[in-house]
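One structure is given here, and the rest of the page talks about it.
Below is the structure:
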């Protein structure tokens, strides 16, 4: 079972102290001293001490508490954290957004791995980007307690093998619920999941309203899941907020439209509606070679409150500082996933992943996207 938040804090504190000593027979400070150092009651501390004893990490005797042996202690890792990607050239083969998410996964994992004095390797699952064509040699080194991270559930034949070997698993996926193989083998696993994530359009409308917008519209690509399933959430939010609401406020365009034409249609849309809040799902996924200015091309006022998806459009210099980003957090969740895997903590943890709406500069600072 996963630990409650306070017990998790105590567990992490004690594991760090044990790792620093990490010699069989080393004695830990007395309970009273440890409790005072952590800032908790001795009764609260004893629960976690009992768990460490049950896991074979410490011995509790009448003469004190001792580290049982290096076999029971998650030592400074002598094995890297393994990140699974679909194929060797995944960053370039997968398209803009999947590439961006993979980069953020690696950044988050690396930052936590460095904290624990270890490193990260990426392992391609398939040479051909085919989940049925797995190169099993790539995984022969993975064994009990190997730390393995991936995104999505793209390779269903692989995950039962990892579970059978007793690997520690961390991943983010689009659906709630752990994979059956992890439940069957009682895998130590942490999973962040997106559930009904197109309701982010509701949350984006609420955010724009809080920023002062009173006439809010959505202009998005027709083929994305958010556009396909977000309609009722968006218009429902406008009604709940007591704002003007009409079907035309939810307008879609073809994904393949050239970007200048996208801006032309957006400008026409503005002249018809005169909105002051815009959720714009841009289709600009490569550097744009032409010196187009968003506000000049569309006629949209600079003061318009904006929420933009992650695309190359975010790098446009004319965007105001009040611009917000429709941001699916990736770096920070993978940082937390990696910390769990390296901490030695046991359990099966699921956490819901929510879209966020940071200001543009906040987004750049978190993701390093601008560079």
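In the numbering used here, the protein residues as written are 10 to 380.
Don't be surprised by glycine CBs; every beta carbon is placed ideally from N, CA and C.
Being a predicted model, the structure only gives us computed values, none of them experimental.
Where residue 346 sits in the DSSP three-state scheme: Position 337 of the chain shown, counted from the start, is the residue given in the question as residue 346. Helix at residue 346.
Identified DSSP bridge partners for residue 372: Position 363 of the chain shown, counting from 1, holds the residue named residue 372. Answer is none; residue 372 lacks a bridge partner.
Residue 280 burial status per 10 Å Cβ neighbour count (16 or more: buried): If you number the chain shown from 1, residue 280 lands on position 271. When all chains shown are included, residue 280 counts as exposed.
Cα-Cα separation between residue 468 and residue 362, rounded to whole angstroms: What is shown of the chain runs 10 to 380, which leaves residue 468 out entirely.
Complete alpha helix (DSSP H) runs within the region 219-249 (minimum length 4 residues, chain order): 234-238 and 240-249
Exposed unless 16 or more other CB atoms sit within 10 angstroms - verdict on residue 15: Locating residue 15 in the chain shown gives position 6, where the first residue counts as 1. Burial call: exposed.
Contiguous beta strand (DSSP E) assignments of at least 3 residues, all confined to the region 246-334: 259-262, 286-289 and 314-317
Contact belief for residue 285 with residue 224 at Cβ below 8 Å, rounded distance in angstroms: Numbered from 1 along the chain shown, position 276 holds the residue referred to as residue 285. Numbered from 1 along the chain shown, position 215 holds the residue referred to as residue 224. Contact between residue 285 and residue 224 holds, since their C-beta atoms are separated by about 5 Å, short of 8 Å.
Inside the region 34-78 only - beta strand (DSSP E) runs reaching at least 3 residues: The region 34-78 contains these whole beta strand (DSSP E) runs: 67-70 and 73-76.
Segments of 4+ residues assigned as alpha helix (DSSP H) that fall wholly inside the region 198-222: 209-219
Closest Cα partner of residue 153 within the set 145, 276 and 173: In the chain shown, residue 153 corresponds to position 144, counting from 1. For the residues 145, 276 and 173, the minimum Cα distance to residue 153 belongs to 173.
Rounded Cβ spacing between residue 198 and residue 186 (contact assumed at less than 8 Å): Position 189 of the chain shown, counted from the first residue, corresponds to residue 198. Position 177 of the chain shown, counted from the first residue, corresponds to residue 186. Residue 198 to residue 186, Cβ: 12 Å. No contact.
Nearest residue (CA-CA) to residue 45, options 61, 163, 60 and 22: Translated into the one-based positions of the chain shown, residue 45 becomes position 36. Comparing Cα positions, the closest option is 22.
Pairwise C-alpha distance: residue 37 and residue 73: Counted from its first residue, the chain shown places residue 73 at position 64. Counted from its first residue, the chain shown places residue 37 at position 28. About 8 Å.
CA nearest to the CA of residue 287, picked from 309, 374 and 262: Translated into positions along the chain shown, residue 287 becomes position 278. Closest by alpha carbon: 309.
Candidates 256, 166 and 335: closest to residue 217 by CA position: Taking the chain shown and counting its residues from 1, one reaches residue 217 at position 208. When only C-alpha atoms are compared, the closest one is 335.
Spatial neighbours of residue 151 in its chain, beta-carbon cut-off 7 Å, leaving aside the 5 residues before and after: If you number the chain shown from 1, residue 151 lands on position 142. So the qualifying residues of the chain are 91, 157, 171, 174 and 176.
Beta-carbon contacts of residue 212 that lie in its chain and below 6 Å, excluding the five residues immediately before and after: Taking the first residue of the chain shown as position 1, residue 212 is located at position 203. Correct list: empty, nothing qualifies.
Per DSSP, the bridge partner or partners of residue 133: Position 124 of the chain shown, counting from 1, holds the residue named residue 133. DSSP, once it has assigned bridges, lists 94 as partnering residue 133.
Residue 125 in three-state terms, based on DSSP: Your numbering for residue 125 matches position 116 in the chain shown. In the structure shown, residue 125 sits in coil (DSSP, three-state: anything other than H, G, I, E or B).
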